[in-house]
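Peer 1: Protein chains in written order, with my numbering: chain F, 1 to 168; chain Z, 1 to 243.
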Amino acid sequence: MPDATGLELLAQELREKDPDSVVDTLHFRGKAALSVAPGAIRGVLQALREHGYTFMASLHGVDYYPDEPRLGVQYELLDMQRVDRITVKLRVPTDAPEVDSVTPDWPTADHQERELYDMFGVVFRGHPDLRRILMPEDYEGYPQRRDFPVGGEPVLFTYNEQRYGGGV
Amino acid sequence: MEIKRERLEPPRGESAPARPVRGDDLAIRRVDAVQMLRGAPIEGLTPAREHDDLTDEDLERHVTERVLTTTLDKAVAWARGNSFFPATFGLACCAIEMMSIVASRVDVARFGFEAFRASPRQADLLILSGRVSIKMAPVVRRIYDQMLEPKWAISMGACCSSMGVFNNYALVPADKFMPVDVHVPGCPPRPEALMHGILKLRKMVLDDPDMGWRERYEARGTEEVVGEDAARDNAVNVFDPRA
Numbered sequence: 001m002p003d004a005t006g007l008e009l010l011a012q013e014l015r016e017k018d019p020d021s022v023v024d025t026l027h028f029r030g031k032a033a034l035s036v037a038p039g040a041i042r043g044v045l046q047a048l049r050e051h052g053y054t055f056m057a058s059l060h061g062v063d064y065y066p067d068e069p070r071l072g073v074q075y076e077l078l079d080m081q082r083v084d085r086i087t088v089k090l091r092v093p094t095d096a097p098e099v100d101s102v103t104p105d106w107p108t109a110d111h112q113e114r115e116l117y118d119m120f121g122v123v124f125r126g127h128p129d130l131r132r133i134l135m136p137e138d139y140e141g142y143p144q145r146r147d148f149p150v151g152g153e154p155v156l157f158t159y160n161e162q163r164y165g166g167g168v
Numbered sequence: 001m002e003i004k005r006e007r008l009e010p011p012r013g014e015s016a017p018a019r020p021v022r023g024d025d026l027a028i029r030r031v032d033a034v035q036m037l038r039g040a041p042i043e044g045l046t047p048a049r050e051h052d053d054l055t056d057e058d059l060e061r062h063v064t065e066r067v068l069t070t071t072l073d074k075a076v077a078w079a080r081g082n083s084f085f086p087a088t089f090g091l092a093c094c095a096i097e098m099m100s101i102v103a104s105r106v107d108v109a110r111f112g113f114e115a116f117r118a119s120p121r122q123a124d125l126l127i128l129s130g131r132v133s134i135k136m137a138p139v140v141r142r143i144y145d146q147m148l149e150p151k152w153a154i155s156m157g158a159c160c161s162s163m164g165v166f167n168n169y170a171l172v173p174a175d176k177f178m179p180v181d182v183h184v185p186g187c188p189p190r191p192e193a194l195m196h197g198i199l200k201l202r203k204m205v206l207d208d209p210d211m212g213w214r215e216r217y218e219a220r221g222t223e224e225v226v227g228e229d230a231a232r233d234n235a236v237n238v239f240d241p242r243a
């Protein structure tokens, strides 16, 4: 991990390339994170790649309900030479959950962006094949959002069938 | 009743053991069985191959000992209930427990259930061993429909009965999309529990040959039938692939 000073230096370096890219920095429990503007994500990731973070370990989503903007997309990058990790975060609102796809730059993001689209409804502009990946294609809703109902199907046991006449 | 113990070793020379007194059925049958295995004629009983001229007492005894009468339904149910062919089909961790019922410790082959069939067309028991996601449910249902009557289904474990710890958007209980005859609880059930469930199903089949409970589930007439118009001209002939 870059330490707190190293993170600030990295953020400053990124801001010199694009002043609006890095919104915030966070160093928490030894883990460095950069909050970036959604529009700048491809540029930031490319700059970090040139900086040595050449491996995208993971791409995942968060629902920050009830905070706004609600949906978060997080990119975990790894520098395999220095064994150094950094998290890049961005937030998009639910009424326009759009962000540029990084699949053209990072092929590993393909299925993970599809999963985010499936579970959170984040639309990745420029993704070559943005379909649902885990849920059925005709499924409605985004099940990992916090306002999605938790409960599943009511269960029909013989006991209930006799008691309630099958209309459970 | 006092049981006379018989010497069951082969008789030495000419001195065969004395035949037990008539009426001591257990001892007589043991001696009979031993002698029959040796192919020796049994004293007091005409050999079966010569039963044409049996009369009176001998005929009576022959019929009561050798002939079994039953109804066709019961005989069919007995055969079905004692020879389930489960489909080779596993869904999740329960499948590991399902596999072990055919291993030596539980050895469900004792009851005639060991022949796991790789094709649903040859199987008559579908064990839902694991969680069924809503994306998998149509697939499972199709496999069930591909099985031919008579057929049964066991829902094994908490997940496919009530979704267990995965009671959320991803899973669907088996009862929602197909008829299930026996639910085996557990997470996962021990192999003994699954064997108990299979024996319960056997009891249902033996007790109720009409399978009235399956009408209640609307389980009748669910076979997937391939119509004649579905015969394909370009189908591959497995006996002559180039034809």
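Ideal Cβ positions, reconstructed from N, Cα and C, are used throughout, including at glycine.
Using the beta-carbon of each residue, which ones in chain Z are nearer than 8 Å to PHE148 of chain F?
Peer 2: Counting from 1 along the first sequence, the entry for residue 148 of chain F is found at position 148. Within 8 Å Cβ-Cβ: TYR169.
Peer 1: Since ILE134 of chain Z meets chain F, which of its residues come closer than 7 Å, beta carbon to beta carbon?
Peer 2: Stepping through the second sequence from its first residue, residue 134 of chain Z is reached at position 134. Near ILE134 of chain Z (Cβ distances below 7 Å), the residues of chain F are PRO136.
Peer 1: PRO66 of chain F CB to nearest chain Z CB: under 8 Å?
Peer 2: Within the first sequence, the letter at position 66 stands for residue 66 of chain F. For PRO66 of chain F, the answer is no, since every Cβ of chain Z falls outside 8 Å of its Cβ.
Peer 1: Below 8 Å CB to CB, which residues in the same chain sit around PRO97 of chain F once its five sequence neighbours on both sides are set aside?
Peer 2: Residue mapping note: residue 97 of chain F aligns to position 97 of the first sequence, counting from 1. Cβ within range, chain order: LEU71, PHE120, GLY121, VAL122 and VAL123.
Peer 1: Identify whether GLN74 of chain F lies in helix, strand or coil by the three-state DSSP scheme.
Peer 2: Position 74 of the first sequence, counted from the start, is the residue given in the question as residue 74 of chain F. Of the three classes helix, strand and coil, the one that applies to GLN74 of chain F here is strand, per DSSP.
Peer 1: Could you list which residues in chain Z have their beta carbon closer than 9 Å to that of PRO143 of chain F, in chain order?
Peer 2: In the first sequence, the residue the question calls residue 143 of chain F occupies position 143. Within chain Z, the residues whose beta carbon sits less than 9 Å from that of PRO143 of chain F are ASN168, TYR169 and ALA170, listed in sequence order.
Peer 1: Would VAL184 of chain Z and GLY164 of chain Z be called neighbours here (beta carbons separated by less than 8 Å)?
Peer 2: For this step, residue 184 of chain Z is matched to residue 184 along the second sequence. For this step, residue 164 of chain Z is matched to residue 164 along the second sequence. No, these two residues do not count as a Cβ contact at 8 Å.
Peer 1: Would you kindly check if the distance between the Cβ of ARG29 of chain F and the Cβ of VAL102 of chain F is under 8 Å?
Peer 2: For the purposes of this step, residue 102 of chain F is identified with residue 102 of the first sequence, where counting begins at 1. For the purposes of this step, residue 29 of chain F is identified with residue 29 of the first sequence, where counting begins at 1. Contact flag unset, no.
Peer 1: Express the C-alpha separation of LEU78 of chain F and ALA57 of chain F in angstroms, rounding to a whole number.
Peer 2: Counting from 1 along the first sequence, the entry for residue 57 of chain F is found at position 57. Counting from 1 along the first sequence, the entry for residue 78 of chain F is found at position 78. Using only the alpha carbons, I get a separation of about 6 Å.
Peer 1: Smallest Cα separation from ASP147 of chain F: which of F:PRO19, F:ASP84 and F:PRO66?
Peer 2: Here residue 147 of chain F is taken as the residue at index 147 of the first sequence, counted from 1. Closest by alpha carbon: F:PRO66.
Peer 1: Taking the alpha helix (DSSP H) that MET195 of chain Z belongs to, which residues open and close that run?
Peer 2: Taking the second sequence and counting its residues from 1, the one referred to as residue 195 of chain Z is at position 195. 191-207 is the span of the alpha helix (DSSP H), which, as asked, contains MET195 of chain Z.
Peer 1: Classify ALA16 of chain Z as helix, strand or coil using the three-state DSSP reduction.
Peer 2: What you label residue 16 of chain Z is simply residue 16 of the second sequence in a count that begins at 1. Residue confidence is low: ALA16 of chain Z scores 49 on pLDDT, short of 50, so the model does not pin down where it sits. Its coordinate-derived value is still stated next. The answer is coil: DSSP assigns ALA16 of chain Z none of H, G, I, E or B.
Peer 1: Please look up how many angstroms separate the CB atoms of ILE127 of chain Z and MET98 of chain Z, rounded, as I've assumed it's under 8 Å.
Peer 2: On the second sequence, residue 127 of chain Z is found 127 positions in, with the first residue counted as 1. On the second sequence, residue 98 of chain Z is found 98 positions in, with the first residue counted as 1. Yes, they are in contact, since the Cβ atoms of ILE127 of chain Z and MET98 of chain Z sit about 6 Å apart, within 8 Å.
Peer 1: Under the rule that 16 or more other beta-carbon atoms within 10 Å means buried, what is LYS151 of chain Z, buried or exposed?
Peer 2: Taking the first residue of the second sequence as 1, we reach residue 151 of chain Z at position 151. The residue in question, LYS151 of chain Z, is buried, as its Cβ has 16 or more Cβ neighbours within 10 Å.
Peer 1: To which residues does DSSP link ALA4 of chain F through a beta bridge?
Peer 2: The sequence position of residue 4 of chain F within the first sequence is 4, counting from 1. Answer by DSSP bridge pairing: none, since ALA4 of chain F is not bridged.
Peer 1: Just to confirm my understanding: we take HIS111 of chain F, look at its own chain, exclude 5 residues before and 5 after, and list those with CB closer than 8 Å. What are they?
Peer 2: Residue numbering aside, residue 111 of chain F sits at position 111 when the first sequence is read from its first letter. Within the same chain, and ignoring the five residues on either side of HIS111 of chain F in sequence, the residues whose Cβ sits closer than 8 Å to its Cβ are ILE133.
Peer 1: DSSP state of ARG7 of chain Z, grouped into three classes?
Peer 2: To locate residue 7 of chain Z, count along the second sequence from 1; it is residue 7. Bear in mind that the predicted position of ARG7 of chain Z carries a pLDDT of just 48, short of 50, making it unreliable; the figure below should be weighed with that in mind. Residue state, collapsed to three classes: coil.
Peer 1: Can you tell me whether DSSP reads PRO86 of chain Z as helix, strand or coil?
Peer 2: Mapped onto the second sequence, residue 86 of chain Z falls at position 86. The answer is strand: DSSP assigns PRO86 of chain Z an E or B state.
Peer 1: Report yes or no: do three or more beta-carbon pairs, one from the region 95-113 of chain Z and one from the region 137-145 of chain Z, lie closer than 8 Å?
Peer 2: no
Peer 1: Over what stretch of residues does the alpha helix (DSSP H) that includes MET99 of chain Z continue unbroken?
Peer 2: Here residue 99 of chain Z is taken as the residue at index 99 of the second sequence, counted from 1. Run containing MET99 of chain Z: 94-100, per the alpha helix (DSSP H) assignment.
Peer 1: In three-state terms, what does DSSP make of SER161 of chain Z?
Peer 2: Position 161 of the second sequence, counted from the start, is the residue given in the question as residue 161 of chain Z. Here SER161 of chain Z sits in helix by DSSP.
Peer 1: Can you give me the Cβ contacts of PRO189 of chain Z inside the same chain, cut-off strictly under 8 Å, excluding the 5 residues immediately before and after it?
Peer 2: Looking up residue 189 of chain Z in the second sequence gives position 189. Here the set comprises CYS94, GLU97, MET156, GLY157 and GLY197.
Peer 1: So, for PRO136 of chain F: in the same chain, excluding its five sequence neighbours on each side, which residues have a beta-carbon less than 7 Å away from its beta-carbon?
Peer 2: Residue 136 of chain F sits at position 136 when you count from the first residue of the first sequence. Sequence-distant partners of PRO136 of chain F (beyond 5 residues in either direction) whose C-beta falls short of 7 Å from its own C-beta are missing from its chain.
Peer 1: From which residue to which residue does the alpha helix (DSSP H) around LYS151 of chain Z run?
Peer 2: Within the second sequence, numbered from 1, the residue matching residue 151 of chain Z stands at position 151. It is not in any alpha helix (DSSP H) - LYS151 of chain Z carries neither H nor E in the DSSP assignment.
Peer 1: Check each candidate in F:TYR53, F:GLU113, F:GLN12 and F:VAL99 and name the one with the smallest Cα separation from ILE86 of chain F.
Peer 2: Locating residue 86 of chain F in the first sequence gives position 86, counting from the first residue. When only C-alpha atoms are compared, the closest one is F:TYR53.
Peer 1: Using the Cβ count rule (16 or more neighbours within 10 Å means buried), how would you classify ASP175 of chain Z?
Peer 2: Counting from one through the second sequence, the residue named residue 175 of chain Z turns up at place 175. By the neighbour-count rule (16 or more Cβ atoms within 10 Å), ASP175 of chain Z is buried.
Peer 1: Confirm, please, whether the CB-CB distance from LEU148 of chain Z to PRO86 of chain Z is below 8 Å.
Peer 2: Translated into the one-based positions of the second sequence, residue 86 of chain Z becomes position 86. Translated into the one-based positions of the second sequence, residue 148 of chain Z becomes position 148. Going by C-beta atoms, PRO86 of chain Z is not nearer than 8 Å to LEU148 of chain Z.
Peer 1: Which of helix, strand or coil does DSSP assign to MET1 of chain Z?
Peer 2: For the purposes of this step, residue 1 of chain Z is taken as the residue at position 1 of the second sequence. Legend: pLDDT at MET1 of chain Z = 47, less than 50; position of this residue unreliable, no value from coordinates given.
Peer 1: May I have the straight-line CA-CA distance separating PRO138 of chain Z from VAL99 of chain F, to the nearest angstrom?
Peer 2: Position 138 of the second sequence holds residue 138 of chain Z. Position 99 of the first sequence holds residue 99 of chain F. Roughly 34 Å separates the two Cα atoms.
Peer 1: Helix or strand or just coil, what does DSSP make of LYS176 of chain Z?
Peer 2: As a working note, residue 176 of chain Z is residue 176 in the second sequence. In this structure, LYS176 of chain Z counts as helix in the three-state DSSP scheme.
Peer 1: Please state whether the Cβ-Cβ distance between GLN46 of chain F and ASP105 of chain F is less than 8 Å.
Peer 2: As a first step, residue 46 of chain F is located in the first sequence; it is residue number 46 there, counting from the start. As a first step, residue 105 of chain F is located in the first sequence; it is residue number 105 there, counting from the start. Yes, these two residues count as a Cβ contact at 8 Å.
Peer 1: What's the gap between the Cα of VAL88 of chain F and the Cα of MET178 of chain Z?
Peer 2: Start at 1 with the first residue of the first sequence, and residue 88 of chain F comes out as number 88. Start at 1 with the first residue of the second sequence, and residue 178 of chain Z comes out as number 178. Those two C-alpha atoms are separated by around 46 Å.
Peer 1: Tell me the residue span of the alpha helix (DSSP H) that contains LYS74 of chain Z.
Peer 2: Taking the second sequence and counting its residues from 1, one reaches residue 74 of chain Z at position 74. Run containing LYS74 of chain Z: 72-81, per the alpha helix (DSSP H) assignment.
Peer 1: Could you check the C-alpha separation between ALA92 of chain Z and PHE166 of chain Z for me, to the nearest Å?
Peer 2: The sequence position of residue 92 of chain Z within the second sequence is 92, counting from 1. The sequence position of residue 166 of chain Z within the second sequence is 166, counting from 1. Computed Cα separation, rounded: 13 Å.
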